[in-house]
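Trainee: Convert by adding 105 to the 1-based position in the sequence shown; the result is the number in the working numbering.
We treat Cβ as the ideally placed atom computed from N, Cα and C, and that holds for glycine.
It should be emphasised that the depicted structure is a prediction, and the values quoted were computed from it without experimental measurement.
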Amino acid sequence: MLIRIAPDMFRDDRYGCVTIQEVFQEFFRTQKFKTKYPWRTKYKSKIKALIKSKVETGDFNLYLEAIRNIIETGKINGRTKKFFSLSYVDQQIAACSIAHGFKLTTVDDDLNDFIIQEFSGKTISPLGIVNDWIKKGLIKWDDDLQSVLEDWDKCNEHPQPKKEIKRFEKLSGYTYAGPK
106 MLIRIAPDMF RDDRYGCVTI QEVFQEFFRT QKFKTKYPWR TKYKSKIKAL
156 IKSKVETGDF NLYLEAIRNI IETGKINGRT KKFFSLSYVD QQIAACSIAH
206 GFKLTTVDDD LNDFIIQEFS GKTISPLGIV NDWIKKGLIK WDDDLQSVLE
256 DWDKCNEHPQ PKKEIKRFEK LSGYTYAGPK
């Protein structure tokens, strides 16, 4: 949903956003996303994924192996008291985020919990990213962007942190209309 707010988020370094090829492929090939986000094809040319050689630099493979081992041995999520269950793509996302020191943005609670619990990784909510963009002057909030935020609620997107909702209202001058 963020790409509808800032279509250049993956092409303009000022936004500080990256994704990996596996996420790009999943977003455009998976029925779940085709159904939930029929507008996504409009933005396909705007998504520039990191090339494999950039993703797999540094300690990426070491982290990926560690993540696979943790998942295979059955680590318990401290919040849910259930075993972590990360897909192949989730494991790739986690390894990339940790290896390169990227803040992770996901609405997958299990992946979010895993990054924080197992690697003390940093995460940020989608609304937190929007707030950062507003604060940096990268986007100016208006009625068109507000309607995109209203779609977050209609699409049953993940509720956003109360702290970020208050921050959004202060920065934008608009009442938060997304999921709470």
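G283 to T140, Cα distance in whole Å?
Mentor: Here residue 283 corresponds to residue number 178 of the sequence shown, with the count starting at 1. Here residue 140 corresponds to residue number 35 of the sequence shown, with the count starting at 1. G283 and T140: Cα-Cα distance of roughly 20 Å.
Trainee: Can you give me the start and stop residues for the alpha helix (DSSP H) that L276 sits inside?
Mentor: As a position in the sequence shown, residue 276 is number 171, starting the count at 1. Element bounds for L276: 267-277.
Trainee: Give me the DSSP bridge partner(s) of T140.
Mentor: Along the sequence shown, one-based indexing puts residue 140 at 35. Its beta-bridge partners do not exist; DSSP assigns none.
Trainee: With distances taken Cα to Cα, identify the nearest neighbour of Y142 among F165, W257, P231.
Mentor: Locating residue 142 in the sequence shown gives position 37, where the first residue counts as 1. Comparing Cα positions, the closest option is W257.
Trainee: Enumerate, from N- to C-terminal direction, the unbroken alpha helix (DSSP H) stretches of 4 or more residues contained entirely within the segment 174-262.
Mentor: Runs of the alpha helix (DSSP H) inside the segment 174-262: 193-205, 214-224, 231-241, 248-259.
Trainee: How big is the Cα-Cα spacing for L276 and A154?
Mentor: Looking up residue 276 in the sequence shown gives position 171. Looking up residue 154 in the sequence shown gives position 49. The alpha-carbon atoms of L276 and A154 are separated by roughly 30 Å.
Trainee: Output needed for I221: all residues of its chain with C-beta closer than 7 Å, excluding positions within five of it in sequence on either side, in chain order.
Mentor: By one-based count along the sequence shown, residue 221 stands at place 116. Around I221: T228.
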